[in-house]
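2 protein chains.
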Amino acid sequence: MMSFNPVTPEIIQQLKNLLGDEHVSIARADIDLHARDQSHHEAHPAEVVIFPTTAGGVADVLKLANSHHITVTPWGVGTGLEGNSIPVYGGILMSFERMDQIVAVHADDFQVTVQPGIGHKDLNAELARHGLFFAPDPGANATVGGMLANNASGIRTVKYGASKDNVLRMQVALADGRLIEVGSRSVKQASGYDLLHLFVGSEGTLGVITEATLKLVPVPTYMSAVVAAFPTVESAVEAVVAVRGSGLEPAALELIDSAHCKMLRETEGVDLSDNPTLFMEFHAATEATLAMGLEIAREICQELGALSIHATTDTAERKRLWHARHHSYEIMVRSQPDHEFFIMDVAVPISAYPALIAYVEGLKAETNTTAYMIGHAGDGNVHVEFPYKGQAEYDNAMRLNDLIVLKALDLGGTATGEHGVGIGKARYMEREHGQALDVMRSLKAALDPNGILNPGKIFPESIPSIEGL
Amino acid sequence: MMSFNPVTPEIIQQLKNLLGDEHVSIARADIDLHARDQSHHEAHPAEVVIFPTTAGGVADVLKLANSHHITVTPWGVGTGLEGNSIPVYGGILMSFERMDQIVAVHADDFQVTVQPGIGHKDLNAELARHGLFFAPDPGANATVGGMLANNASGIRTVKYGASKDNVLRMQVALADGRLIEVGSRSVKQASGYDLLHLFVGSEGTLGVITEATLKLVPVPTYMSAVVAAFPTVESAVEAVVAVRGSGLEPAALELIDSAHCKMLRETEGVDLSDNPTLFMEFHAATEATLAMGLEIAREICQELGALSIHATTDTAERKRLWHARHHSYEIMVRSQPDHEFFIMDVAVPISAYPALIAYVEGLKAETNTTAYMIGHAGDGNVHVEFPYKGQAEYDNAMRLNDLIVLKALDLGGTATGEHGVGIGKARYMEREHGQALDVMRSLKAALDPNGILNPGKIFPESIPSIEGL
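Respectively, the protein sequence lines represent chains A and B. Everything in the first sequence is counted per the numbering used here, starting at 1 for the first residue and increasing by one. Everything in the second sequence is counted per the numbering used here, starting at 470 for the first residue and increasing by one.
Below, the structure written as C-alpha cells:
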C-alpha cells in the first residue's frame, strides 16, 4: 500500500495561485462528478478538482504535487471502462475540460494539433470542412487526451489503426514539472527512442499529455455496408479471414453474436435474425471501386454459407443497416432498465478467435448466464457484456471475466485490447508480461520516482482494493 | 569518454563455453568483415566476433559482458548507413548470421515469427507461397533484426508504414541477461506500457532483439505504375499532396530530382527527361479498381502540369518504368567509379517538403556541388547523395549535410527519417529533442546501467570521435 500526503488548505491556496481561483474547486458537485468513470468500478473522491488552462499550468501543478508527494489523476471526460481515471488515492483530480481547443489545422499535412480536452467527435465536426477526420472512434465522445492515454481504438481500427497509430507528436508534462516534446510532425521518424509510444497507452502514469498532433485521413468519398448472417460463429469468422485475405481493406468488420442479435430484434425490432452477424463497412475513392469491393465481399459471404446478405452503397440504407451495431449498447441498457452492466474486453490473434468465442458460449451455457458479445472481429477483439442485478450476479460476471481473460492469455492474446489496464486488469499483468512487468516498473520509477501520477492503476501492488476485487 | 574493460583470453574462453568454440572468432577476416557498415563512417575493429544460435546464448553473453563491463554491439548484415552497428569501443561484436530461421508462419493471422538474422528479401521469398509479404523494404537485404532496431522503412512506407508499424511482438535480451517478451500476437493491445516500440528504433542500445513476430500483408493481386515528369519540384510535390488527398492510397510515391534524372539518363540511357519526376505504384484487389485509380492519378498529374505521363498495369512495363528508381543507387555508383558516396537522410512534414528541396537546390548551386536527390516524397523524406573524392569534397559534403539537417529541424522535421541516429546524427539530438533527450538518457540508465549495449551511438556524449566528425 502506497502512502501520499493529503491536500491541505495551504496546497489549495498554492493551486489557486498557480491556476487562478476559478480553476480550483472543492465543491461536492465537482468532486462527485469526477469520482468514477463509466465502468463498474467503485467511485472514489478526489480532494480537489482543478481545471488547468495551459500546459505551463499543468507542469506547475505537477511540480508542486511532486514536491509534496500528492497524487495527481488526469481526467478527460470520464468515459473510461476500467476505472482508468478514478482517483483511488484522492489527491488532485486534473480535469482537461478547459483545455479543449484546436491549436492548428495543418490541412496539407493531414494533421491537426489539439489540446487534450477536446472530444474526438467535436474535433471531427470541425475537421469536416477540411475533408479530413481523426479515425479512431471508441463510440463515446472521449477526449483526445483520454484516447491517447489509454490507446483507445474502436470499430474502424481494422483499417485505420488504434490511437497509437494516429498520433505523431505530443507535448507531455513530467512528474517533476519538465515539459517535453516527443515524436515529430514528420511522419517518418527514426531519431532516438520512441518516447511518443511510451507515453501513449501509459494511462497517465508516466506523464500528462498537454498537447498532441494527430494524423488525419481524407473523409472517404464513397462508403458501403454489408450485413451478413451466418449459421455459426466459425463460418462468420472464416468470412472475416477471407475478406481480409482478399486484399479488400474493410473500414469496419464487426461481429454480433446470436444472443445479442436476438435481444436487439426483440427490444427494438431491428432487422436481424437470431444468428451470428457480421457488419462490414468499406471506404473508397470512386463509386465503381466501391461497388466492386462490395461484390467481392458478397461473394465471400455467399461461399462461406451466409444465410442472408444485405449490401448497399446508399447512405440512408447504410445507416439503417448499421443502426443495430452503432446503438447496440444503448439498446441493451434500455432492454434491461433494472440491471447494471459490466463490459469486459480481451483480444486474441484472429486464428484463435473462434476458440475464444466458443469458450465464452460454453461458459454462458454451463453457468446459465445471460451475456452478449460484440466483437471487433477484424482485430480479434471481443467485448462480453454482462447485465447484473445484486451481488450474486455481479460475482458470477467477475468469475466469468476472470476465466475469459485467462483463456485469452492462453490463446496468445492480451488481457485488454482497447479498454486499458486501469484497476480491473492489473491483476493479470504479471501473468501476461512476466519479467517485462519489472521493466515497466523500472520505467515508472525512472520517470515518476515518487509515484504521484495516477497511482492505483496498471501495477497490481499499487491497487488498494486488489484483494477485494 | 566512456571506459570499458577489454576482452581477455579468459573472456574468450568463457564465450566459447557459452556458445561453442565454432561460434566465437578472433580471426582477422571476421573482425574486418564486422568493422564497418555501408556508410562513410570509419571502420573500428571489435575484439571478438560471436555468432550465437539461440536466444538463451544471447542472454548468457549479455550477462557475462555486463558483469565484466565489456561492450556488446549487435550486427545484422552491415547495411546500416549511419554507423549504427560499428563497434566503436571494440568489445564483443554479436552477429546474428546464425539466427536466421523462420520460427513459425501464422498464415491465418497474417503473421510470421522469425529469428532476427533473416534477410527481409529471403523472408519474403519464403512467404510468397502463402500469398503474404513483410512490407517494409529499405532496398538492401537488411536483416529483420537490423530493420527493427533502426526502424527502417523505404519506398512502400507511404502505404504500409515503417518497420515499427509492422511488428507485433518481440523477444528481447536485456543487458543483465533477462529475456523478456514485449507486445503480443494480438493486433490490438492496450495492456501496459508499449515496451515493443521502446525497443524498436533503439539501435541495440536498450536491449537485443532475439525474436520477432511481424505483421504481413496479402501480396497485391494487381499493381500499376505511373511515372510523371514535372516542370518544377513545387508542381511535383503539389501532385503528391493531391494524390494523397484524393483518397487513393499509393503503395509508393517517390521523387527523383532533375540532376539525378539527368545522370540516370546519361549513364544508362533510361527513359527520363531532365525534370523532377514522380514514381508512383498502386496496389489493388481487382483489375478494374486498379485501372480506375490509375486514371485518377493520371488526371491529377495532368491538372498539375505534368510534362509527360507514363502509366501502365502491365508487369513488364511497370518493372521497366521503375527500373531507374530501383537501381538509382547502383547506377549512381557506376557513373562515378572513382568517387565515394555520402548519403544523408532527413524528413519534414510534407507541407515543408518544397521548402526543403528548394533549400537543397539553392545550396548546391551556391557551392557548386554535385549532389543527387531521391525522395520518399509521399512521406516528406529525402536523401541527398553526395559523391566525393578527397578531403575537401568530403568536408564540403559534411558541411552541407549539417546545413540541411538544421534546415529540416527548423521546418519542423527530424534529423533522420529512416537511417537512424547511429554515429552521424548524434550531434543533433540535443537540438531536436531538447529535454526529451534527458528522458532518453534516464531510460538508458534504467535498462543498461553499465552502458555496455552498443555504446557510441545516439547520445552525443558517448561518441569518442564526435569532435572530429
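Positions of the beta carbon are idealized from the N, C-alpha and C atoms, including for glycine.
Listed by position along chain B, the residues whose Cβ is nearer than 8 angstroms to that of Lys425(A) are Ser660. Shown here, Gly847(B) sits in a helix according to DSSP, grouped into three states. By the Cβ neighbour-count rule, Ser186(A) is buried, with 16 or more other Cβ atoms within 10 Å of its own.
Taking a contact as a CB-CB distance under 8 angstroms, the pair Ile819(B) and Met842(B) does not count as one, their CB atoms being some 15 angstroms apart.
Residues of chain B with a Cβ closer than 7 angstroms to the Cβ of His433(A) are, in chain order, Gly661. Straight-line spacing of the CA atoms in Glu650(B) and Val527(B) works out to 14 angstroms. Put simply, the backbone Cα of Val219(A) is about 17 angstroms away from that of Ala162(A). Judged by DSSP in its simplified three-state form, Phe668(B) adopts helix. Leaving aside the five residues that flank Arg767(B) on each side, the residues in its chain whose CB is nearer than 7 angstroms to its CB run, in chain order, Val695, Ile778 and Ala780.
Sequence-distant partners of Leu400(A) (beyond 5 residues in either direction) whose C-beta falls short of 6 angstroms from its own C-beta, in its chain, are Leu363. Judged by DSSP secondary structure, Asp345(A) falls within the beta strand (DSSP E) whose first and last residues are Glu340 to Ala347.
The beta carbon of Ile296(A) sits closer than 7 angstroms to those of Ser246 and Leu248, all from its chain and outside the five residues before and after it, given in chain order. Within the segment 633-657 of chain B, the beta strand (DSSP E) runs of at least 3 residues that lie entirely inside it are, in chain order, 636-642 and 648-652. In the DSSP assignment, Val677(B) forms a beta bridge with Ala642(B). Counting C-beta pairs closer than 8 angstroms gives three or more between the segment 170-177 of chain A and the segment 48-63 of chain A, which meets the contact rule. Under the Cβ criterion of 8 angstroms, Glu366(A) is not counted among the residues facing chain B.
Along the segment 535-620 of chain B, the alpha helix (DSSP H) occurs as fully enclosed runs of 4 or more residues at 589-596 and 613-619, listed in sequence order. Proximity of Ala162(A) to chain B, defined by a Cβ-Cβ separation below 8 angstroms, is satisfied. The shortest CA-to-CA distance from Val48(A) to any of Gly78(A), Gln13(A) and Gly80(A) is the one to Gln13(A). Contacts with chain A (Cβ-Cβ distance below 9 angstroms) from the segment 897-927 of chain B involve Tyr897, Met898, Glu901, His902, Gly903, Gln904, Ala905, Leu906, Asp907, Val908, Met909, Ser911, Leu912, Lys913, Ala914, Ala915, Leu916 and Ile927, listed in chain order. Taking a C-beta distance under 8 angstroms as the contact criterion, Pro250(A) and Phe282(A) qualify as a contact pair. The beta carbon of Gly375(A) sits closer than 8 angstroms to those of Glu254, Leu255, Ile256, Asp257, Tyr353, Ile357, Asn381, Val382 and His383, all from its chain and outside the five residues before and after it, given in chain order.
For Ala46(A) against Val144(A), the beta-carbon gap comes to about 22 angstroms, at or over 8 angstroms, which does not count as contact. For Ile452(A), no alpha helix (DSSP H) run applies, since DSSP gives it neither H nor E.
For Tyr193(A), there is no enclosing beta strand (DSSP E), as DSSP marks it with neither H nor E. Looking at the backbone, the Cα of Leu127(A) and that of Arg244(A) are separated by about 29 angstroms.
Per DSSP, the unbroken alpha helix (DSSP H) holding Glu266(A) starts and ends at Ser258 to Glu268.
Neighbours of Lys389(A) in chain B, taken as residues whose beta carbon is under 9 angstroms from its own, are absent, since the nearest beta carbon is some 29 angstroms off. A distance below 8 angstroms separates the beta carbons of Asp506(B) and Leu550(B). Contact between the segment 318-336 of chain A and the segment 266-277 of chain A is present, with at least three C-beta pairs closer than 8 angstroms. Taking a C-beta cut-off of 7 angstroms against chain B, the contacting residues of the segment 169-186 of chain A are Arg178, Ile180, Glu181, Val182, Ser184, Arg185 and Ser186, listed in chain order. Note that the C-beta distance between Phe341(A) and Glu385(A) is below 8 angstroms. In chain order, Ser655, Val656 and Lys657 make up the part of chain B whose C-beta sits under 9 angstroms from the C-beta of Asp379(A). Ser911(B) is not a Cβ neighbour of Met471(B), given a cutoff of 8 angstroms. It is roughly 20 angstroms from the alpha-carbon of Val233(A) to the alpha-carbon of Val405(A).
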